[in-house]
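The block underneath contains the structure these notes are about, expressed in structure tokens.
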Amino acid sequence: MAKGRVEIDRERCKGCEVCIGACPVSILALSSSVNGKGYAYAEAVLPEKCTGCANCALVCPDGCIEVWRD
Amino acid sequence: MEKVYSKPRLLTDAVMHYCPGCSHGTIHKIVAEVIAELGIESSTIGVSPVGCSVFAYKYIDIDWIQAAHGRACAVASAVKRLEPEKMVFTYQGDGDLSAIGTGETIHACNRGENIAVIYVNNAIYGMTGGQMAPTTLVGMKTSTSPGGREVNIHGYPFKVADMVAQLEGVCYVTRQSVHTPASVRKAKKAIRLAFENALAGKGLSFVEVVSSCNSGWKMSPVGANEWMEQNMFPFYKLGDIKV
Ligand SMILES: Cc1ncc(C[n+]2csc(CCOP(=O)(O)OP(=O)(O)O)c2C)c(N)n1
Ligand code: SF4
Ligand code: SF4
Chain A
3 MAKGRVEIDR ERCKGCEVCI GACPVSILAL SSSVNGKGYA YAEAVLPEKC
53 TGCANCALVC PDGCIEVWRD
Chain B
189 MEKVYSKPRL LTDAVMHYCP GCSHGTIHKI VAEVIAELGI ESSTIGVSPV
239 GCSVFAYKYI DIDWIQAAHG RACAVASAVK RLEPEKMVFT YQGDGDLSAI
289 GTGETIHACN RGENIAVIYV NNAIYGMTGG QMAPTTLVGM KTSTSPGGRE
339 VNIHGYPFKV ADMVAQLEGV CYVTRQSVHT PASVRKAKKA IRLAFENALA
389 GKGLSFVEVV SSCNSGWKMS PVGANEWMEQ NMFPFYKLGD IKV
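Here the protein sequences line up with chains A and B, keeping their order.
Residues 3 to 72, numbered by the working numbering, are exactly what the first sequence covers, in order.
Residues 189 to 431, numbered by the working numbering, are exactly what the second sequence covers, in order.
This is the structure:
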């Protein structure tokens, strides 16, 4: 069971990738499809490894990420 | 599970016009969080600049005045004197604060106005297309210094924070960044202290945030943050300058 969970607002996301490098367990990646603005968006590709540390959300300039933790 | 992070309550739903990965968005988030945590959203007045952050008033749900280019510290001085109970702060880029607004900035600092200044230094004029600023690093290429900044033609980069720290009216000067989770946490503490000082009437607090302008620098957002670590931080050293 994952200890944490992220929810990324894919329509708000601009695909800057800043969150991806901030994740200590490397669970985020850019999607292969694009959102309404034409940006590839960040998604959790290994959600079961999420620790809920919120590092990704802290550095996201656009406030796209919500984080839950046990 | 318990929710541990969401978009700050005072950040509006408007999608910010900033380029992907721009430091302005992260700094806006911190400002919105600190104002909410201090419970001062109905007694805060922000002064936005001319520059990419001209529309800050659309993104943080408090009262704002948008000042003419470089004049934010003068406008904030007047607002604070007329409304002494309010927490008044400016939010300015380096082109705004340290080029056209140098005079207004220095004299507000020297008078010890009870305001907070958030100074977003990305070493370039972002909004107008990446022209050289007084803060541009030696050798740094910009649209108006395509061969890199040359000291014998353009002079030296301007360390405003170090200079205003010499002035008696200034109670707090710090230089921060927002490119990693740890730096975001530190920058938030600094902005909180600056706002508390402004409320307590201790004089002017100056928080520089060394930032990236990936569009102006012609880099990817992550590449710009790396370049900032390697090139900006050795010159614009992070940490407290005056406490
Ligand atoms: C009186 C006046 N002069 C020049 C300009 C053109 N201008 C607009 S923004 C800007 C500089 C913005 O750079 P900075 O303050 O570093 O902010 P950034 O966009 O990088 O966040 C300039 C020179 C203007 N709008 N008004
Ligand atoms: S930091 Fe935010 S805007 Fe950038 S890719 Fe991640 S979720 Fe998207
Ligand atoms: S031009 Fe530079 S400062 Fe302006 S929004 Fe884009 S990245 Fe940010």
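Glycine is no exception: its CB is placed at the ideal position from the N, C-alpha and C atoms.
Residue i CB to nearest heavy atom of ligand 2 below 6 angstroms
i	result
I10(A)	yes
K16(A)	yes
E19(A)	yes
D428(B)	no
C66(A)	yes
C25(A)	no
C52(A)	no
C62(A)	yes
A44(A)	yes
heavy atom of ligand 3 below 6 angstroms from residue i C-beta
i	result
H216(B)	no
Whole-Å CB distance - residue i paired with residue j, under 8 angstroms assumed
i	j	result
G389(B)	G357(B)	Actually they are not in contact, since the Cβ atoms of G389(B) and G357(B) sit about 12 angstroms apart, beyond 8 angstroms.
E19(A)	V410(B)	5 angstroms
A42(A)	V36(A)	6 angstroms
R14(A)	P49(A)	Wrong, their Cβ atoms sit about 19 angstroms apart, outside the cutoff.
V192(B)	V305(B)	Not confirmed; about 31 angstroms, so no contact.
A375(B)	S365(B)	7 angstroms
Residue burial classification, residue i (beta-carbon count within 10 angstroms, cutoff 16)
i	result
D284(B)	buried
P208(B)	buried
S230(B)	exposed
V308(B)	buried
S28(A)	exposed
F423(B)	exposed
A266(B)	exposed
V326(B)	exposed
Y344(B)	exposed
M189(B)	exposed
N487(B)	Any question about residue 487(B) goes unanswered here, given that chain B covers just 189 to 431.
I341(B)	exposed
K425(B)	exposed
Ligand 1 heavy atom lying under 6 angstroms from the CB of residue i
i	result
H257(B)	yes
G291(B)	no
V276(B)	no
V47(A)	no
F238(B)	For clarity, residue 238(B) is Val in the given sequence; the question names Phe instead. True, at least one ligand heavy atom lies under 6 angstroms from that Cβ.
D284(B)	yes
G281(B)	yes
Chain D within 7 angstroms of residue i, Cβ atoms only
i	result
Y193(B)	Among the protein chains in the structure shown, which are A and B, there is no chain D.
Proximal residues, the segment 48-63 of chain A versus chain B, C-beta separation under 7 angstroms: The residues in question are G54, A56, N57, A59, L60, V61, P63.
Environment of ligand 3 in chain order, Cβ to heavy atom below 6 angstroms: Those residues that bring their Cβ nearer than 6 angstroms to a heavy atom of ligand 3 are Y206(B), C207(B), C210(B), H212(B), C240(B), N310(B), G314(B), M315(B), C401(B), N402(B), S403(B), G404(B).
Selection of the segment 357-387 of chain B by Cβ proximity to chain A, strictly under 8 angstroms: Under the 8 angstroms Cβ criterion, the segment 357-387 of chain B contributes V366, H367, T368, P369, V372, R373.
Against chain B: residues of the segment 22-34 of chain A by CB proximity under 7 angstroms: Taking 7 angstroms as the Cβ-Cβ cut-off against chain B, the residues of the segment 22-34 of chain A that qualify are G23, A24.
Selection of the segment 5-17 of chain A by Cβ proximity to chain B, strictly under 7 angstroms: Residues of the segment 5-17 of chain A that bring their beta carbon within less than 7 angstroms of a beta carbon in chain B comprise R7, R14, K16, G17, in sequence order.
Residues of the segment 395-413 of chain B whose Cβ lies closer than 9 angstroms to any Cβ of chain A, in chain order: Of all residues in the segment 395-413 of chain B, N402, S408, P409, V410, N413 have a Cβ within less than 9 angstroms of some Cβ in chain A.
Selection of the segment 217-228 of chain B by Cβ proximity to chain A, strictly under 7 angstroms: Listed by position along the chain: K217.
Contact list for the segment 306-322 of chain B against chain A, Cβ threshold 9 angstroms: Near chain A, meaning a CB-to-CB distance below 9 angstroms, no residue of the segment 306-322 of chain B qualifies.
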